[in-house]
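Undergrad: Questions regarding the structure given below will be posed in turn.
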Ligand SMILES: C[S@@+](CC[C@H](N)C(=O)[O-])C[C@H]1O[C@@H](n2cnc3c(N)ncnc32)[C@H](O)[C@@H]1O
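Numbering (the numbering used here), first residue to last: 1330 to 1661.
What follows is the structure in structure tokens.
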């Protein structure tokens, strides 16, 4: 057989991609990774701990072995290092809630065909609605993704030793950037602008981190709220640029430039696409999520950020990879 002949395997795997979402989401819902980490390592033990059938437990474990999230040795199962770090519940880096959220979103994929025809979200899939309860579900689930990124940003900007700095987080969600940065720098203060119910979630996280006394919130819409002049040393815009269209991103960047002190830094975190839109794969595919959920969002190229930030009055723009699919963009 000619080894260069195209094979159907990969296409079958892609077409059945929902199997992976289903197995990961169901395993997370039944806390299998948490039970494995606590020492349950056989099908019957895991079935009992998770209160599921043995047939269901065996099927989930088969799927998890196939996905490379669980290892099988001498008839005993255990988490891989990846699953132990990112899928056990209760850890700061846990993506378990995210896996559950994605399982719940699978039904929305049925809208995909219409979305491509219409060029935008259909009915209730749109998320850019004031005080959308969608965010209250999403922000705690995505917080773990920002832990390594916020930590790297703090290192690159030497935030721990920066003294009495003032931080503004636009669409700060769970408050994870403020929580990490205020913990690292005991003289820093942070303000988060987000919808009221989301800010309430952030306040709880900051309290858990014992830094709530240096955290304030502004409830409302970042498109319309005045951000002031020369008030902040650092501004954050994490996983927000992809829900906004080009004009809104430029307008927000210009408001942020004015709100920053001279020499202050805007930190953008998002899925950034190469200028020729040839990669990387995660940001390219994520654009379909924004077509499904946002009026004008997408995944933007490095050149887009460079152009928009220059228009908004920033002169020095740099891009930094992270150990996640997101890129950090610093603008001064
Ligand atoms: C994808 S989440 C990102 C959360 C956080 N920055 C992070 O990286 O984990 C987007 C956040 O922006 C907030 N948001 C969206 N549109 C907004 C608006 N017009 N005004 C204020 N906040 C908004 C949402 O409530 C949500 O918290």
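Think of the CB as a built atom: it goes at the ideal place given N, C-alpha and C, for glycine as much as any other residue.
Could you check if residue 1422 is buried or exposed, using at least 16 other CB atoms within 10 Å of its CB as the buried criterion?
TA: It is exposed - the Cβ of residue 1422 has fewer than 16 other Cβ atoms within 10 Å.
Undergrad: Is residue 1546 close to ligand 3? I mean its beta-carbon at under 7 Å from any heavy atom of the ligand.
TA: In the structure on display, ligand 3 does not appear, and the ligands it does have are ligand 1.
Undergrad: Please classify residue 1404 as buried or exposed, where buried requires at least 16 other C-beta atoms within 10 Å of its C-beta.
TA: Exposed, since its Cβ has fewer than 16 Cβ neighbours within 10 Å.
Undergrad: Return the CA-CA distance between residue 1543 and residue 1536, expressed in angstroms with no decimal places.
TA: In a straight line, the C-alpha of residue 1543 is about 10 Å away from that of residue 1536.
Undergrad: Under the DSSP definition of a beta bridge, which residues are partnered with residue 1521?
TA: For residue 1521, which the question treats as bridged, DSSP gives the partners 1498 and 1546.
Undergrad: Going by beta carbon distance, what residues of the same chain come within less than 7 Å of residue 1357, once the five residues before and after it are set aside?
TA: Excluding residues within five positions, the ones whose Cβ falls inside 7 Å are 1416, 1425, 1428 and 1429.
Undergrad: Drop a sphere of 10 angstroms on the beta-carbon of residue 1615, count the other beta-carbons inside from all chains shown, and report buried for 16 or more, exposed for fewer.
TA: So residue 1615 ends up on the buried side.
Undergrad: Contact between the segment 1629-1638 and the segment 1571-1583 is defined here as three or more beta-carbon pairs at a separation below 8 Å; is this criterion met?
TA: Contact holds: three or more Cβ-Cβ distances are below 8 Å.
Undergrad: Less than 8 Å between the C-beta atoms of residue 1468 and residue 1502, yes or no?
TA: Yes, they are a contact pair.
Undergrad: When the Cα atoms are used, what is the spatial distance from residue 1648 to residue 1661?
TA: Each residue's Cα considered, the two are about 12 Å apart.
Undergrad: Cβ of residue 1549 within 8 Å of Cβ of residue 1522?
TA: Against a cut-off of 8 Å, the Cβ pair of residue 1522 and residue 1549 comes out as a contact.
Undergrad: CB-CB under 8 Å to residue 1500, same chain, minus the five flanking residues each way: which ones, in chain order?
TA: 1522, 1523, 1551, 1566, 1567, 1568 and 1569.
Undergrad: Among residues of its own chain, excluding the 5 on either side of residue 1508, which ones have a beta-carbon nearer than 6 Å to its beta-carbon?
TA: Excluding positions up to five away in sequence, the list reads 1534, 1535 and 1538.
Undergrad: If you draw a straight line from the alpha carbon of residue 1601 to that of residue 1607, how long is it in whole angstroms?
TA: Computed Cα separation, rounded: 11 Å.
Undergrad: Taking only the alpha-carbon atoms, compute the straight-line gap between residue 1390 and residue 1372 and give it to the nearest angstrom.
TA: Taking the straight line joining both Cα atoms gives about 8 Å.
Undergrad: Taking the continuous beta strand (DSSP E) assigned at residue 1660, which residues delimit it?
TA: 1656-1660 is the span of the beta strand (DSSP E), which, as asked, contains residue 1660.
Undergrad: Measuring from the CB of residue 1555, is there a heavy atom of ligand 1 at a distance below 7 Å?
TA: Every heavy atom of ligand 1 is 7 Å or more from the Cβ of residue 1555, so no.
Undergrad: Hey, would you say residue 1451 sits closer than 8 Å to residue 1443, going by beta carbons?
TA: Yes, these two residues count as a Cβ contact at 8 Å.
Undergrad: Mind reading off the beta-carbon distance from residue 1350 to residue 1437? Whole number of angstroms is fine, and I expect it under 8 Å.
TA: Their Cβ separation, rounded to whole angstroms, is 12 Å, which puts residue 1350 and residue 1437 out of contact at 8 Å.
Undergrad: Indicate the three-state DSSP secondary structure (helix, strand or coil) for residue 1585 in the structure shown.
TA: Residue state, collapsed to three classes: helix.
Undergrad: Who are residue 1650's beta bridge partners in DSSP?
TA: In DSSP, residue 1650 forms a bridge with 1656.
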